[in-house]
Amino acid sequence: GDFLLELRLIADVGLVGYPNAGKSTLLSTISHARPKIAPYPFTTLTPQIGIVEYPGDYRRLSVCDVPGLIEGAHENVGLGHAFLRHIQRCKIIVILLDMAGTDGRNPWDDYRQLLRELELYDPALVSKPRCVVANKMDEPQAEDLLKRFKRKITKTPVLPIAAAFDEGIDQFKELIRNAVEDAEAEK
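Heads up: the sequence shown begins at -11 in this note's numbering, then just goes up one per residue.
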């Protein structure tokens, strides 16, 4: 008979967010990956893998930059299924938010909608360990939006960064390393 084989990338970390949140910028900052970066949505059309190296002990983590998700991704809107399937086997999920509220976006609404898309696609995804990265903290309104966001989210770590300026990158690398090690220890 005929067989249909479906490739699913295996990465330690799945990087999830809306278009233009800064996922590709972050991936290029933490690894040698060179995804296309441009100021318009859906610059990234295929998942990108970057390797984060920790020189002190030679540990390496793979990070999968999934193209931007949009509302309805769980129903395959915007090729959602093609992207979401790649994070099913990740050990942890990082939700990257545009904390500057670019284009009138609200980080809290974005966070809730991204979790909803993950859950509707595969309920197991929302039970994976996750952390939130608040990107674009160099923008003037980001600090106020971060304060409001942190009041609503209490159990999930939130790390403020400005990926375009390498701010918070070392902390991000430590955050994902610790989260992956914790996830591996729980197995």
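Virtual Cβ for every residue (Gly too), placed ideally from N, Cα, C.
Quick caveat: nothing in here was measured; it's all calculated off a predicted structure.
Exercise. For N166, which three-state DSSP category applies?
Worked result: helix
**Study point:** For E127, three-class secondary structure by DSSP
**Key:** coil
Relative to the ligand FAD, is the shortest distance from any of its heavy atoms to the C-beta of Y99 smaller than 7 Å? With respect to small molecules bound, the structure shown includes none, and the ligand FAD cannot be examined in it.
With a threshold of 6 Å on Cβ separation, who are the neighbours of I(-2) within its own chain once the five nearest residues in sequence on each side are excluded? R77
Label Y109 either buried or exposed according to how many other C-beta atoms from any shown protein chain fall within 10 Å of its C-beta, with 16 as the threshold for buried. Per the 10 Å Cβ criterion, buried.
Assuming A122 and P148 are in contact, meaning their beta carbons sit under 8 Å apart, how far apart are those beta carbons, in whole angstroms? 5 Å
Exercise. Please report the Cβ distance between D98 and L85, rounded to the nearest whole angstrom; I am assuming they are in contact, meaning their Cβ atoms lie under 8 Å.
Key: 6 Å
> Grouping DSSP H, G and I as helix and E and B as strand, with all else coil, what is P55?
Replying inline: coil
### Message
Below 8 Å, how does it come out for the stretch 87 to 95 and the stretch 128 to 136: are there three or more Cβ pairs, yes or no?
### Response
yes
- prompt: Anyone know if the C-beta pair for A151 and T17 falls short of 8 Å?
  reply: yes
Tell me the rounded alpha-carbon separation between R104 and A21. 29 Å
For the beta strand (DSSP E) containing P148, list its first residue and its last residue.
V146 to P148
Length of the line joining the Cα atoms of R118 and V1
9 Å
(request) Taking D86 as part of the beta strand (DSSP E), name the residues at either end of that continuous run. (result) I80 to D86
Note to self: Tell me the residue span of the beta strand (DSSP E) that contains E41.
What the structure shows: First-last of the beta strand (DSSP E) with E41: Q36 to Y42.
- Task: Would you mind stating whether V120 and I83 have Cβ atoms separated by less than 8 Å?
- Result: yes
**Item:** Buried/exposed call for N8, threshold 16 Cβ in 10 Å
**Value:** buried
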